[in-house]
Amino acid sequence: MIPPVVNPVIPLTLSAQETEATESIQALRNLLHKHLRISIADGRVLLGTFIGTDQKLNLLLGDAEEFRLLGVESQEDSDEREHVWDGVLREGMCLESLQGRYVGQVLVPWKQAVRVEAYDPQKNQRQKNDGMYL
Numbered sequence: 000m001i002p003p004v005v006n007p008v009i010p011l012t013l014s015a016q017e018t019e020a021t022e023s024i025q026a027l028r029n030l031l032h033k034h035l036r037i038s039i040a041d042g043r044v045l046l047g048t049f050i051g052t053d054q055k056l057n058l059l060l061g062d063a064e065e066f067r068l069l070g071v072e073s074q075e076d077s078d079e080r081e082h083v084w085d086g087v088l089r090e091g092m093c094l095e096s097l098q099g100r101y102v103g104q105v106l107v108p109w110k111q112a113v114r115v116e117a118y119d120p121q122k123n124q125r126q127k128n129d130g131m132y133l
């Protein structure tokens with residue numbers, strides 16, 4: 000009879016950088032299948048279900064709707080029109096339509112996302128006057 004192989008327990012110690020990476024990955028995992036609102040640099044807002052990222056950390060939303068904002072400042076940069084928006088609604092800005100345009104599954108480049116907010120139902124119950132997103 001062969002005795003069972005026993006693997007010795009090796010204590011796992013993580014460096015500070017590895018711990019940070021692990022915490023970041025866990026934070027992303029906690030957002031899976033949650034409703035996100037992503038503000039994009041060109042003045043659009045996407046609402047959808049977070050279903051993951053790719054290797055470049057672009058955000059993947061499913062069952063998403065796109066809303067366009069009017070009144071977002073733009074500046075002329077050579078021949079191309081470049082929008083400048085930090086994701087904060089200000090006076091004079093409004094939605095183009097209350098009905099969003101259904102876009103289904105969408106991949107948002109991480110460089111274009113200026114603000115990402117997750118739906119928090121507990122916050123919505125506590126503060127009725129505040130928004131429903133974190």
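When we follow numbering that gives the first Met the number 0, the leftmost residue of the sequence shown carries the number 0, and every step to the right adds one.
From the three backbone atoms N, C-alpha and C, an ideal C-beta is built for every residue, glycine too.
Asked: Strand pairing of Ile39, partner residues [DSSP]; Found: Ala112
Asked: Counted within 10 angstroms of its Cβ, other Cβ atoms place Gly47 as buried (16 or more) or exposed; Found: buried
Asked: Inter-residue spacing [alpha-carbon to alpha-carbon] between Asp119 and Asn29; Found: 12 Å
Asked: Proximity to Ala63 [Cα-Cα], best of Thr18, Thr21, Ser38; Found: Ser38
Asked: Three-way DSSP call (helix, strand, coil) for Arg100 in this model; Found: strand
Asked: Closest residue to Arg100 among Leu69, Gln121, Glu65 (Cα-Cα distance); Found: Glu65
Asked: Contacts around Val102, its chain only, beta-carbon distance under 7 Å, and the 5 residues preceding and following it disregarded; Found: Ala63, Glu64, Glu65
Asked: Beta-carbon spacing of Leu56, Leu35 below 9 Å; Found: no
Asked: Proximity of Leu58 and Val107 at Cβ, strictly below 9 Å; Found: yes
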